[in-house]
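Take a look at the structure set out below.
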Amino acid sequence: TTILGIETSCDETAASVVLRRPDGTGDILSSVVFSQLEEHAAYGGVVPEIAARAHVSVLDSLVAAALSDAGRTLDDMDAIAATSGPGLIGGLMVGLMTAKALAQVTGKPLYAVNHLEGHALTARLTDNLDFPYLLLLVSGGHTQIALVRGVDEYERWGTTIDDALGEAFDKTAKLLGLPYPGGPAVEKAAGGGDPKRFRLPVPLKGTPDPDFSFSGLKTAVRQLAEAQAPVSDQTICDICASFQRAVCLSLADRLDIAFSRFSERFPATADRALVIAGGVAANKALRSTLAEAAEKHGFRLVAPPLELCTDNAAMIAWAAAERRAAGIEGDPLDTAPRSRWPLDRQAETVVGSGK
Ligand code: ATP
Ligand code: MG
Ligand code: FE
13 TTILGIETSC DETAASVVLR RPDGTGDILS SVVFSQLEEH AAYGGVVPEI
63 AARAHVSVLD SLVAAALSDA GRTLDDMDAI AATSGPGLIG GLMVGLMTAK
113 ALAQVTGKPL YAVNHLEGHA LTARLTDNLD FPYLLLLVSG GHTQIALVRG
163 VDEYERWGTT IDDALGEAFD KTAKLLGLPY PGGPAVEKAA GGGDPKRFRL
213 PVPLKGTPDP DFSFSGLKTA VRQLAEAQAP VSDQTICDIC ASFQRAVCLS
263 LADRLDIAFS RFSERFPATA DRALVIAGGV AANKALRSTL AEAAEKHGFR
313 LVAPPLELCT DNAAMIAWAA AERRAAGIEG DPLDTAPRSR WPLDRQAETV
363 VGSGK
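Next comes the structure, spelled out in structure tokens:
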């Protein structure tokens, strides 16, 4: 199966051609990503209207580039896939409408893919990985722990009750006068700081479900910065290190719950895996925390290459290929984009107004 995928849910415009063989292995024949980072940097965050317009202006040429890089034509595709949620509605409309038009003119099936399902299944493209497994998704817009039981079979075990983790990094950076995007800037500053100089609260520690909360941490950082004003460069580094440490302690604490739950539920599963996805997975301190926590519980850590952890279209094409292999034949051409679409309510396709 060869599928063209399109991704436009946030601030990356992307197109990709992916091949999936009947034995479950796959290849990325092409993957092009246009990051709009620069257009949003001046605003310190993604501006929806600017994002939608940028998708419109580059998507056609990205689709052409993905096909030509892959050495294929539209005729060679078995299906056309696009992210149809969750995300910024203007961007979703651009990608989904483009995919619908291509599906319509070629007579190929359309796959309206849940962006989170893309993140959840990517590791099966890059690694030899069987169901069930645990997923930790940490990005600018999402923070969740999910059980991936199979294609179309997801259980969300925990999510953030306020800010996403990437958002918390971005806001912390802004508070401290560091550049956008905040994650890499905070990580860099933390590298030169003392993580034990300030003791920040570890959110939700001890609560029974593996949920997350990061807004309290952000407030603590603000109070700290105010109390220390005027902050020296060293203090900024120390605050970043302390923040990153609290984040890592929180992730380890939350994952403890998920690992135990998984092992109780699937005692016979020998190859236990935790898959990580999302841009925050680039953080090295976080990665080593996760690796340590996983090892303690007898799980292996599966981390797809970074360019597949952040938003891309290969994951969308691959998710569609996995759905096709599972016998799902496609989605109606009047499928509506959805700004909200939880992973565990995957099966609900919305047509019409899409509320
Ligand atoms: P979505 O949430 O819709 O999947 P997104 O564009 O918000 O998409 P990604 O592109 O996956 O998310 O990741 C971007 C986020 O990752 C930003 O919040 C950024 O600050 C964060 N990030 C990137 N590198 C690092 C890092 N080294 N440490 C911490 N956070 C990072
Ligand atoms: Mg992004
Ligand atoms: Fe994403």
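Converting from the sequence shown to full-length UniProt numbering requires adding 12 to each position, the first position being numbered 1.
For every residue, glycine included, the Cβ atom is placed at its ideal position computed from N, Cα and C.
When secondary structure is reduced to three states using DSSP, T184 falls in the helix class.
In the DSSP assignment, no residue is bridged to L49.
The three-state reading of DSSP puts V314 in strand, counting E and B together. Note that the stretch 282 to 291 touches the stretch 131 to 150; at least 3 beta-carbon pairs, one per stretch, sit closer than 8 angstroms.
Looking from the CA of V125, the closest CA among H154, D182, L41 and G99 belongs to G99.
In this structure, the CA atom of A66 is about 24 angstroms from the CA atom of D346. Boundaries of the alpha helix (DSSP H) around S254: D245 to R277. Boundaries around W330 are those of the alpha helix (DSSP H), A326 to A337, since no beta strand (DSSP E) includes it. Under DSSP, the beta-bridge partners assigned to S43 are S28. Within a 10 Å sphere around the beta-carbon of K217 sit fewer than 16 other beta-carbons, which makes this residue exposed.
Looking only at E199, I248, T172 and S272, the smallest Cα-Cα distance to F181 is reached by E199. By the C-beta density criterion, A258 is buried, having at least 16 other C-beta atoms within 10 angstroms. Residue pairing by DSSP puts Q156 in a beta bridge opposite L149 and T171. As computed with DSSP, F224 is found in a beta bridge with T172. For T14, the uninterrupted beta strand (DSSP E) run begins and ends at T14 to E19, by DSSP.
A distance criterion of 6 angstroms places the beta-carbon of T20 beyond contact range of the ligand ATP, judged by its closest non-hydrogen atom. Residue environment: A338 is assigned as exposed (fewer than 16 neighbouring CB atoms within 10 Å of its CB, all protein chains considered). For L122, there is no enclosing alpha helix (DSSP H); the residue is found in the beta strand (DSSP E) stretching over L122 to N126.
Taking C-beta separations shorter than 6 angstroms and ignoring five residues to either side along the sequence, the partners of L320 in its chain run T134, following chain order. Ranked by how close their Cα comes to the Cα of A76, the residues G195, V44 and E341 have V44 in first place.
Assigned with DSSP and collapsed to three states, S351 falls in coil, not helix or strand. Boundaries cannot be given for V292, as no alpha helix (DSSP H) includes it and DSSP labels it neither H nor E. Excluding the 5 residues flanking it on each side, T20 has same chain C-beta neighbours closer than 7 angstroms at H67, L71, T95, G103, L104, V106 and G107, in chain order.
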